[in-house]
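Undergrad: Structure in structure tokens, see below.
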Amino acid sequence: MTEETFEIELTVNGVRRTARAPARRLLSDLLRHGLGLTGTHVGCEHGVCGCCTVLLDGEPVRSCLMFAVTASGHEVTTVEGLAAPDGEMSPVQRAFQECHGLQCGFCTPGFLCTVTALLRDTPRPTDDEILEGISGNLCRCTGYQNIRRSVRRASELIAADPASGGPPAGEAGEGGR
Amino acid sequence: MKPPPFAYRAPRTLPEALAALAPAAPGTGSDTGGGGVGKVLAGGQSLIPLLNMRLAAPERLVDINRVAELDTLEVTGAGVRVGALARHARVGRSAEAAAVQPLLRRALAHVAHPVVRNRGTVVGSLAHADPSAELPAVLALLDGSVEAASAAGRRTIPAGGFFLGPLEPALLPGELAVSAFFPALPPRTGTAFVEIARRHGDYALVGVAATVTLDAGLRVAAARAGYLSVAGVPLVLDLTAACAGADAVSGGGDWEDAAAYARERVDPESDIHASADYRRHLAGVLTGRALRAATADAIDRAGEGR
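Chains as they are written, first to last, in my numbering: chain A, 1 to 177; chain B, 1001 to 1306.
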């Protein structure tokens, strides 16, 4: 018996995308294999490592703990959608580069998405708020200190240029909240 | 690490959801899609890991994420009613809910990580009935209840009868937990939630939720604690006798009688994370900490006239 498939229509990084997939297709797999957006990394596939974190209607979620069919009709922002359309990196991305907030880069897409939302909701986080905010993302390389510095630096960059904080216009709206 | 195949339905209304969940009558096979027993998918933060690891293989998933009428959070003087689609993050953010029942927000801060709380639901956590999870212990401690609906009707299940065993809620095939009710905190009562986990955000080795009620003379009139990870279901202990007459203003003493009482009554198991003895020890230590914090909170609230 062939498996039933479903039409999935979602807005990814501001672009309307459609795909057909079985209900059990994880959002992470649809993004990577169905839509070719391999910036979203897949680590543990049970919600522990945080590498696959994307923004769903602006809120960070584990894309490995969501079926693509459930995300149908919603807006998704992946790490590919954080930079400006002309390729200029977002303040969070620039801060991670400046402060060496990554080494191998495997966990980085998850951190970037998580921190983008964290700083949108809490523009001037305390150290405790930073730690709580990134506590669900694992990094095996950095020991987290440079990531913490990166978040602080990103907060400064956004404060200096408030319009630059979020993903490009049209994303990260209040829609899903 | 991919889920096994399942039949999938995404109803948009509660009646549609209940029809999709109803056990398939013999011979009607494909009508309900896949037959067998339906399983509810809400936030998926516990269910999808189980599916990914192939520890569960339901024949049919009923995804309630599009049933808007279940996405509710109602706060009244009597308590907080949380609909089946209300995410942890929404409930935790609600100042109204925290004002009526502060223990809810305190406990939610310990549920996994912020990103998981964006998807996971309060009612889903209750229906998952993990004895290591925070919210079942809170519901049990507060004598809350779960409202269950099926194609046949509705019923209210008191917390005391809802948790039958590990991962075993008192929901029948075809029943959907549509909401949970957390009663308001009485006057002159404080709350606390403490837990010890290997890493922040992990399931607790032991956790304790406590409520302490003071009398007009600011002595402890009632003290109760709900325990997680020490038994197959959330354990609630009435510690009033062990705390009798403790003078709250002086800190209530060392709470050693209550801690000893708790150590005698918990029934933890050993696993790779901690031995039963260590969990028993933690239950005593955390009982003291939770009672101390809840008592201090009760004094604050009494001072504010609450």
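Yeah, the Cβ is synthetic: ideal placement off N, Cα and C, and Gly gets one too.
Starting from T70 (chain A), find everything on chain B with Cβ-Cβ shorter than 8 Å and list it in chain order.
TA: Taking the first residue of the first sequence as 1, we reach residue 70 (chain A) at position 70. Those within 8 Å of T70 (chain A) in chain B are A1010, L1041, G1044, D1063, N1065.
Undergrad: Identify whether G3 (chain A) lies in helix, strand or coil by the three-state DSSP scheme.
TA: Residue 3 (chain A) sits at position 3 when you count from the first residue of the first sequence. Rather than Gly, the amino acid found at residue 3 (chain A) in this sequence is Glu. Reduced to three states, the DSSP call for E3 (chain A) is coil.
Undergrad: Would the beta-carbon of V92 (chain A) fall within 9 Å of that of V151 (chain A)?
TA: What you label residue 92 (chain A) is simply residue 92 of the first sequence in a count that begins at 1. What you label residue 151 (chain A) is simply residue 151 of the first sequence in a count that begins at 1. Yes, the pair counts as a contact, with Cβ atoms nearer than the cut-off.
Undergrad: Across which residues does DSSP place P162 (chain A) in a beta bridge pair?
TA: Your numbering for residue 162 (chain A) matches position 162 in the first sequence. Partner(s): none; P162 (chain A) has no beta bridge.
Undergrad: Would you mind giving the Cβ-Cβ distance between A1242 (chain B) and V1266 (chain B), rounded to the nearest angstrom? I have them listed as a contact below 8 Å.
TA: Within the second sequence, residue 1242 (chain B) is the residue found at index 242, counting from 1. Within the second sequence, residue 1266 (chain B) is the residue found at index 266, counting from 1. That pair is no contact at about 14 Å.
Undergrad: Comparing alpha-carbon positions, which option in B:D1130, B:A1302, B:S1275, B:V1116 lies nearest G47 (chain A)?
TA: As a working note, residue 47 (chain A) is residue 47 in the first sequence. The shortest C-alpha separation from G47 (chain A) is found at B:V1116.
Undergrad: Is there a C-beta anywhere in chain B that falls below 9 Å from the one on R24 (chain A)?
TA: Within the first sequence, the letter at position 24 stands for residue 24 (chain A). True, the Cβ-Cβ gap to chain B drops below 9 Å.
Undergrad: With a threshold of 16 other CB atoms inside 10 Å of the CB of E1134 (chain B), please say whether the residue is buried or exposed.
TA: Within the second sequence, residue 1134 (chain B) is the residue found at index 134, counting from 1. It counts as buried.
Undergrad: Look at the Cβ atom of L1108 (chain B), then the Cβ atom of G1226 (chain B), and state whether they are nearer than 9 Å.
TA: As a working mapping, residue 1108 (chain B) is identified with position 108 in the second sequence. As a working mapping, residue 1226 (chain B) is identified with position 226 in the second sequence. Not a contact, by the Cβ cut-off of 9 Å.
Undergrad: Helix, strand or coil for A1177 (chain B), going by three-state DSSP, please let me know.
TA: Mapped onto the second sequence, residue 1177 (chain B) falls at position 177. Here A1177 (chain B) sits in strand by DSSP.
Undergrad: Looking at A1112 (chain B) and L1324 (chain B), is the spacing between their C-beta atoms short of 9 Å?
TA: Any question about residue 1324 (chain B) goes unanswered here, given that chain B covers just 1001 to 1306.
Undergrad: Nearest by alpha-carbon distance to R124 (chain A): which of A:L157, A:L55, A:D86 is it?
TA: As a working note, residue 124 (chain A) is residue 124 in the first sequence. Closest by alpha carbon: A:L157.
Undergrad: Under 9 Å, Cβ to Cβ, is there at least one residue of chain A near A1089 (chain B)?
TA: For this step, residue 1089 (chain B) is matched to residue 89 along the second sequence. Judged by the 9 Å Cβ criterion, A1089 (chain B) is in contact with chain A.
Undergrad: Answer yes or no: the CB of D121 (chain A) versus the heavy atoms of the ligand PLP, is any distance below 8 Å?
TA: By its list of ligands, the structure shown contains no ligand whatsoever, and the ligand PLP lies outside what it can speak to.
Undergrad: Using the C-alpha atoms, what's the distance from G1207 (chain B) back to M89 (chain A)?
TA: If you number the first sequence from 1, residue 89 (chain A) lands on position 89. If you number the second sequence from 1, residue 1207 (chain B) lands on position 207. If you take the alpha carbons of M89 (chain A) and G1207 (chain B), they lie about 43 Å apart.
Undergrad: Please classify V1006 (chain B): does DSSP put it in a helix, a strand, or coil?
TA: In the second sequence, the residue the question calls residue 1006 (chain B) occupies position 6. Just to set this straight, residue 1006 (chain B) is Phe in the shown sequence, not Val. If DSSP states are grouped into helix, strand and coil, F1006 (chain B) belongs with coil.
Undergrad: One question on the structure: do C51 (chain A) and Q103 (chain A) come within less than 9 Å of each other, judged by their Cβ atoms?
TA: Looking up residue 51 (chain A) in the first sequence gives position 51. Looking up residue 103 (chain A) in the first sequence gives position 103. No. Outside cutoff.
Undergrad: Closest to A1019 (chain B) by CA distance: which of B:G1153, B:A1293, B:V1230, B:P1186 is it?
TA: The residue you call residue 1019 (chain B) lines up with position 19 of the second sequence. The residue with the shortest Cα to Cα distance from A1019 (chain B) is B:G1153.
Undergrad: Does chain B have any CB closer than 9 Å to the CB of T38 (chain A)?
TA: Mapped onto the first sequence, residue 38 (chain A) falls at position 38. Chain B contact via Cβ: absent.
Undergrad: If you measure between the beta carbons of Y1203 (chain B) and D1130 (chain B), is that distance less than 9 Å?
TA: For the purposes of this step, residue 1203 (chain B) is taken as the residue at position 203 of the second sequence. For the purposes of this step, residue 1130 (chain B) is taken as the residue at position 130 of the second sequence. Closer than 9 Å, so yes.
Undergrad: One question on the structure: do G1083 (chain B) and T1076 (chain B) come within less than 9 Å of each other, judged by their Cβ atoms?
TA: Working through the second sequence from its first residue, we reach residue 1083 (chain B) at position 83. Working through the second sequence from its first residue, we reach residue 1076 (chain B) at position 76. Their beta carbons are not under 9 Å apart, which means G1083 (chain B) does not touch T1076 (chain B) by this criterion.
Undergrad: Is it true that the CB of P1003 (chain B) sits closer than 9 Å to the CB of R1054 (chain B)?
TA: To locate residue 1054 (chain B), count along the second sequence from 1; it is residue 54. To locate residue 1003 (chain B), count along the second sequence from 1; it is residue 3. Yes.
Undergrad: Listed in chain order, which residues of the region 1–16 of chain A have Cβ atoms closer than 8 Å to some Cβ of chain B?
TA: For the region 1–16 of chain A, which is checked against every Cβ of chain B, the residues closer than 8 Å are E3, E4, F6.
Undergrad: To the nearest angstrom, how far is the alpha carbon of L1172 (chain B) from that of R149 (chain A)?
TA: As a position in the second sequence, residue 1172 (chain B) is number 172, starting the count at 1. As a position in the first sequence, residue 149 (chain A) is number 149, starting the count at 1. Going from the Cα of L1172 (chain B) to the Cα of R149 (chain A) covers about 51 Å.
Undergrad: V1233 (chain B) and G1165 (chain B) look like a contact to me (Cβ under 8 Å); what is the Cβ gap, rounded to whole Å?
TA: The sequence position of residue 1233 (chain B) within the second sequence is 233, counting from 1. The sequence position of residue 1165 (chain B) within the second sequence is 165, counting from 1. So it is a contact: roughly 6 Å between Cβ atoms.
Undergrad: Among residues of its own chain, excluding the 5 on either side of L1236 (chain B), which ones have a beta-carbon nearer than 6 Å to its beta-carbon?
TA: Mapped onto the second sequence, residue 1236 (chain B) falls at position 236. A small fix is needed here, since residue 1236 (chain B) is Val in this sequence, not Leu. Excluding sequence neighbours, V1236 (chain B) sits near A1140, L1141, G1226.
Undergrad: Could you check where the alpha helix (DSSP H) with E1015 (chain B) kicks off and where it finishes?
TA: The residue given as residue 1015 (chain B) occupies position 15 in the second sequence. Reading off the sequence, residue 1015 (chain B) comes out as Pro, not Glu. Note, P1015 (chain B): alpha helix (DSSP H), 1014–1021.
Undergrad: What does H1200 (chain B) touch in chain C if you count any residue whose Cβ is under 9 Å from its own?
TA: As a matter of chain content, chain C is missing from the structure shown, whose protein chains are A and B.
Undergrad: Please classify D127 (chain A) as buried or exposed, where buried requires at least 16 other C-beta atoms within 10 Å of its C-beta.
TA: Against the first sequence, residue 127 (chain A) aligns to sequence position 127. D127 (chain A) should be labelled exposed.
Undergrad: Tell me which same chain residues have a C-beta within less than 8 Å of the C-beta of A117 (chain A), skipping the five on either side of it?
TA: Residue numbering aside, residue 117 (chain A) sits at position 117 when the first sequence is read from its first letter. Answer for A117 (chain A): L55, G58, E59, P60, A172, listed in chain order.
Undergrad: Classify R223 (chain A) as helix, strand or coil using the three-state DSSP reduction.
TA: Nothing can be reported for residue 223 (chain A): it is not among the residues displayed for chain A, which extend from 1 to 177.
Undergrad: Is it buried or exposed, N1052 (chain B), if we count other Cβ atoms within 10 angstroms and call 16 or more buried?
TA: Residue 1052 (chain B) sits at position 52 when you count from the first residue of the second sequence. That one is buried.
Undergrad: Closer than 7 Å by beta-carbon distance: list the chain A residues that pair up with P1003 (chain B), in chain order.
TA: Within the second sequence, residue 1003 (chain B) is the residue found at index 3, counting from 1. In chain order: R24.
Undergrad: CB-CB under 8 Å to G39 (chain A), same chain, minus the five flanking residues each way: which ones, in chain order?
TA: In the first sequence, the residue the question calls residue 39 (chain A) occupies position 39. For G39 (chain A), where only same-chain residues beyond five positions count, the Cβ hits under 8 Å are T78, V79, E80, P109.
Undergrad: Does chain A have any CB closer than 9 Å to the CB of I1048 (chain B)?
TA: Taking the second sequence and counting its residues from 1, one reaches residue 1048 (chain B) at position 48. It does; some Cβ of chain A falls within 9 Å.
Undergrad: With distances taken Cα to Cα, identify the nearest neighbour of A1216 (chain B) among B:H1200, B:A1248, B:V1230.
TA: Within the second sequence, residue 1216 (chain B) is the residue found at index 216, counting from 1. Of B:H1200, B:A1248, B:V1230, the residue nearest in Cα terms is B:A1248.
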